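Contents: one structure, followed by commentary.
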Amino acid sequence: MLRIGQHNYLEVIKEVDFGFYLDSQDEQWGEILLPHNSAPKDCNVNDFLEVFIYFDSEDRIIATTHRPHAVVGEFNLLRVSAIEKVGAFLDWGLPKDLLVPFGEQKMRLKPERSYIVYVFRDEATGRIVGSTRLNKFVDQEPADYEVDQVVELLIVRETDLGYKAIINDAHYGFLYHNEVFKPLRVGKKLRGYIQKVREDGKIDLSLTKAGYEKVGGIAASVLAVLAKKGGFLPLTVKTPPEEISKLFGVSKKNYKKALGALYKQRLVAIDDDGIRLMETQPKEVADEAPVAGMVSCCIIAKNEAKHLPDCLKSVADIADEIIVVDTGSTDGTPDLAADLGAIVLHQPWRDDFSAPRNLGLSHARGQWILMLDADERLVPSSIPALKMAIEKDDLDCGLLPLHDADSADASSEDVVAGRGRLSAPVLIPRLFRNVDNFKWEGIIHERPTGWLRRGPKRIVAIEGADLAHYGNIPQLRENLGKFQRNLDLLEKQALKTPEDPRTLDYLAYTLKGLGESQGAAEVAAKAWRVLQKQETSTGGIRESVATIATLHADFLREADLLEACLAVLNQGLIWCEGTHDHEHPNLLFQLGAGYEVKALRSEEQADRQRCLELARDYYHKCLAKQGQLFPSELNPADCTGVLGWKRLGMVALLERDFTKAREAMEQVLAVDKDDVEAQLGLAEVSLLSGDLEACLKQIKSHMKMLPADALTIAACCQFAADQEDSARSLATKAAQSFTDSGFLASHRRRDLIDLCEKLNEALD
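With the numbering used here applied, the sequence shown corresponds to residues 33 to 796, in that order.
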């Protein structure tokens, strides 16, 4: 949906004499004009641009790459440019001024004066307007903030006690004069911290964190001023507090704490006549050989103020330096990173994840590069495992287990333990040896492909070095628009590198996740052809074999091309030999499922039994992989657990091995006592082993929820009890239910057909 009054990421679809047209991706608005004077100089068709959408002076919807001083939902200080009959017009950085109607003015606005204004879209007219009636738009509900939480502040008024501020465009808070060491003007935006949330809901603010933690940001300011002054400042213990406050904007007490921290890190020397930078001060660009044993943690970030503090704290005991490359944050991320002791670099976002990765790498001085994303955290127990791997020094690339959190408030320990995890963890490359030819490639899902391919590399899985990942929570991804962003970048990358199977793999899965099955099937088939070509031409540089084979085989099975499906899976197993995806559970599980289907279709008993034996063996192998880690994600997610046991139980049923079937179903119910498939499976075990009373009792509660499956089992049970009339009635209902909802287990369709034939024979 198009977000009017805010920034949108849209594609340029055509050029005309007076500008470009963008695809709004919204039926209501269609194509939107981007005038030449509002477009980048190098704009081309098929480019994706971040544009602001608003209405021009004739109320036509229009786009611009210029950034207004405030978007819908934000407060800011704006200057009145004119007063007209309908209200005041304010300069908000765009050709058309922002209207503040008289009804939205707390007091009559005056020309050339500036006021704090809230920007919103009027429900009655649909127009974007402003208001100085701030209380209407500030959230009056109790705020859910934590002490020392970093927030963005807008100063709205000065009082005798201090400054009133709006927090995160949402709540009011107050900065007392004793927390401020330099005058603040109304309209100033700055980063602050929650000091206290009172019982009455009022919020006290501070410009520095409580206690010793506030030293990080002050220390960074001291280093910056020292660098500007040529590495020396004539500051001593006798320097007046006023002079300290003028230079750094802090109290002398906090300045001394920061100075002490810098001295302990050997970054400054304290002499009788002043302070000076030490020669060990980090260089802006690392132009020397990497320092042996040193670890540089490199992170790229954009608007990650929520996640970054936990990320940086998690690596504090392993990283000798932390480098954060910011790609255009507007939430104070760079200042926050500096406060926490990171070296902060800036690079504008240009739809390329490798570029900021390589910028951070170029500044890294360590022998080892630990690459993290801002929404990842090393769990405390990971540090010893990482240190041991570094000391052992027998790897070029370290694979770390990555665990996806299922909620934002899950602790990293719960995520790794599985209590707060979405799915099974995967191995992901995160620790690298820092060498000359190491660099990132690819605009998305970037990796050091060229470096990995240049000669043999020692790639080692580092067990116990676990990462908790908070960026894959489904609702969060949807809110941030990551699916569409990833699709756009993957399609661009696929055009640049059409023979890269890993890009095609990600593209196919992204298309499938967005519901575009036909496109996903075509891309998966192309990825498989690329793998086949690489096998022939290069002797086997294959990437993402397990995931490509799994997805391609899925689509082949859906197209009823079972033999082709099995051939792809068997070839995938061969190609994964000798890699970290050796005997990947995806391939084993899908082979089991394929041979199970083949057994159900077979008319010959010997062939049917052979296929069931193969299915059973593959399911057993898959279950034996439980707890093992692989670079490729498990799909289905629980194939080494509950799902694997269910399929094994069904195969045992088809083989008439009731003991094994019961054991498998009970394994499932031990994990989930309400699992319907396992309960139905146990009912079938009772039926086939002759315990008809137990069967009817087990099936009773499922007659409405899964009528086709439950009615079929019940009908077979009544037939076995010589209750033909009841069996016939239930079988008729089962057949009717099948047309509506289908069968949960496909073999029950055959059971129903066989039963109906027996009932018809009885009538004859």
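Note that beta-carbon positions come from the ideal geometry of N, C-alpha and C, so glycine has one too. Values in this document were obtained by computation on a predicted structure and should not be read as measured data.
Sequence-distant residues of the same chain with beta carbon closer than 6 angstroms to residue i, five excluded per side
{"i": "Ile109", "result": "Contrary to the premise, residue 109 reads as Leu rather than Ile in this sequence. Same-chain partners within the cutoff: Ser146, Ile148, Gly219."}
{"i": "Arg465", "result": "Asp428"}
{"i": "Lys653", "result": "Leu620"}
{"i": "Pro67", "result": "Gly51"}
{"i": "Asp446", "result": "Gly452"}
Bridge partners - residue i, DSSP secondary structure assignment
{"i": "Met403", "result": "Cys330"}
{"i": "Cys429", "result": "Phe464, Ile491"}
{"i": "Thr96", "result": "Phe84"}
{"i": "Tyr150", "result": "Phe107, Ser163"}
{"i": "Tyr225", "result": "Val182, Ser238"}
{"i": "Asp436", "result": "His501"}
{"i": "Lys653", "result": "For Lys653, which the question treats as bridged, DSSP gives no partner whatsoever."}
{"i": "Arg561", "result": "Beta-bridge pairing links Arg561 to no other residue."}
Cα-Cα separation, residue i to residue j
{"i": "Pro143", "j": "His101", "result": "18 angstroms"}
{"i": "Ala763", "j": "Asp783", "result": "10 angstroms"}
{"i": "Val562", "j": "Leu522", "result": "17 angstroms"}
{"i": "Arg760", "j": "Ala747", "result": "7 angstroms"}
{"i": "Gly626", "j": "Lys729", "result": "33 angstroms"}
{"i": "Trp61", "j": "Met33", "result": "10 angstroms"}
{"i": "Cys671", "j": "Asn618", "result": "7 angstroms"}
{"i": "Lys489", "j": "Thr481", "result": "12 angstroms"}
{"i": "His98", "j": "Leu126", "result": "7 angstroms"}
{"i": "Leu54", "j": "Asp384", "result": "21 angstroms"}
{"i": "Phe751", "j": "Pro530", "result": "59 angstroms"}
{"i": "Leu410", "j": "Ile302", "result": "36 angstroms"}
{"i": "Lys234", "j": "Tyr502", "result": "30 angstroms"}
{"i": "Glu789", "j": "Leu795", "result": "10 angstroms"}
{"i": "Gly604", "j": "Glu793", "result": "47 angstroms"}
{"i": "Thr96", "j": "Phe662", "result": "46 angstroms"}
{"i": "Arg679", "j": "Ile422", "result": "42 angstroms"}
{"i": "Trp677", "j": "Arg642", "result": "20 angstroms"}
{"i": "Glu43", "j": "Ile93", "result": "16 angstroms"}
Proximity winner among the options, relative to residue i (alpha-carbon distances)
{"i": "Lys334", "options": "Ala406, Glu756, Ala293, Pro322", "result": "Ala406"}
{"i": "Leu368", "options": "Phe775, Leu655, Lys345", "result": "Lys345"}
{"i": "Thr271", "options": "Leu239, His734, Ala256, Asp304", "result": "Asp304"}
{"i": "Asn518", "options": "His501, Asp441, Tyr541", "result": "Tyr541"}
{"i": "Leu255", "options": "Tyr295, Glu793, Arg217", "result": "Tyr295"}
{"i": "Lys164", "options": "Leu655, Lys128, Phe121, Ala374", "result": "According to the sequence displayed, residue 164 carries Thr and not Lys. It is Phe121 whose Cα lies nearest to the Cα of Thr164."}
{"i": "Ser113", "options": "Glu106, Gly119, Asp123", "result": "Asp123"}
{"i": "Ile785", "options": "Leu776, Leu795, Ala766", "result": "Ala766"}
{"i": "Ala500", "options": "Val458, Val467, Ile375, Gln516", "result": "Val458"}
{"i": "Ile475", "options": "Ala370, Leu431, Ser386, Gly547", "result": "Ser386"}
{"i": "Ile505", "options": "Glu408, Glu353, Gly676, Ala156", "result": "Glu408"}
Residue i in three-state terms, based on DSSP
{"i": "Ser56", "result": "coil"}
{"i": "Gln768", "result": "helix"}
{"i": "Ser163", "result": "strand"}
{"i": "His614", "result": "coil"}
{"i": "Gly205", "result": "strand"}
{"i": "Lys196", "result": "strand"}
{"i": "Leu588", "result": "helix"}
{"i": "Ala684", "result": "helix"}
{"i": "Lys246", "result": "Only weak support exists for where Lys246 lies, its pLDDT of 47 falling under 50; the coordinates are left without a value."}
{"i": "Asn602", "result": "helix"}
{"i": "Tyr541", "result": "helix"}
{"i": "His804", "result": "Nothing about residue 804 can be read from this structure; the chain reaches only from 33 to 796."}
{"i": "Ile350", "result": "coil"}
{"i": "Pro366", "result": "helix"}
{"i": "Arg230", "result": "coil"}
{"i": "Gly572", "result": "Here Gly572 scores only 42 on pLDDT, less than 50, and its place in the model is too uncertain to base an answer on."}
{"i": "Arg140", "result": "coil"}
Proximal residues to residue i (C-beta, below 8 angstroms), its chain only, five neighbours per side dropped
{"i": "Arg153", "result": "Ile36, Gly37, Val104, Arg159, Ile160, Val161"}
{"i": "Ala415", "result": "In the sequence as displayed, the identity of residue 415 is Ile instead of Ala. Within the same chain, Ile415 has close Cβ partners Asp349, Ile350."}
{"i": "Leu237", "result": "Val183, Leu185, Ala197, Ile199, Gly205, Phe206, Leu207, Glu211, Gly224, Tyr225, Ile226, Gln227"}
{"i": "Ala318", "result": "Reliability of the predicted coordinates at Ala318 is poor, the pLDDT of 38 falling under 50, and the value obtained from them is presented with this limitation in mind. Closer than 8 angstroms at Cβ, skipping near neighbours: Ser394, His395, Ala396, Arg397."}
{"i": "Arg217", "result": "Ile187"}
{"i": "Leu719", "result": "Cys727, Ile745, Cys748, Cys749, Ala752"}
Any chain E beta carbon closer than 9 angstroms to residue i
{"i": "Leu34", "result": "Within the model displayed, chain E is absent; a lone protein chain is all it includes."}
Cutoff 7 angstroms; reference residue i; Cβ partners in own chain excluding five residues on either side
{"i": "Val683", "result": "Glu628, Leu644, Ala647, Arg648, Tyr651"}
{"i": "Leu632", "result": "Ser778, His779, Arg782"}
{"i": "Pro133", "result": "Val118, Gly119, Val161"}
{"i": "Lys630", "result": "Leu594, Cys643"}
Contact test: residue i Cβ vs the ligand ATP heavy atom, cutoff 8 angstroms
{"i": "Tyr150", "result": "Of the ligands one can find in the structure shown there are none, so the ligand ATP has no counterpart to examine."}
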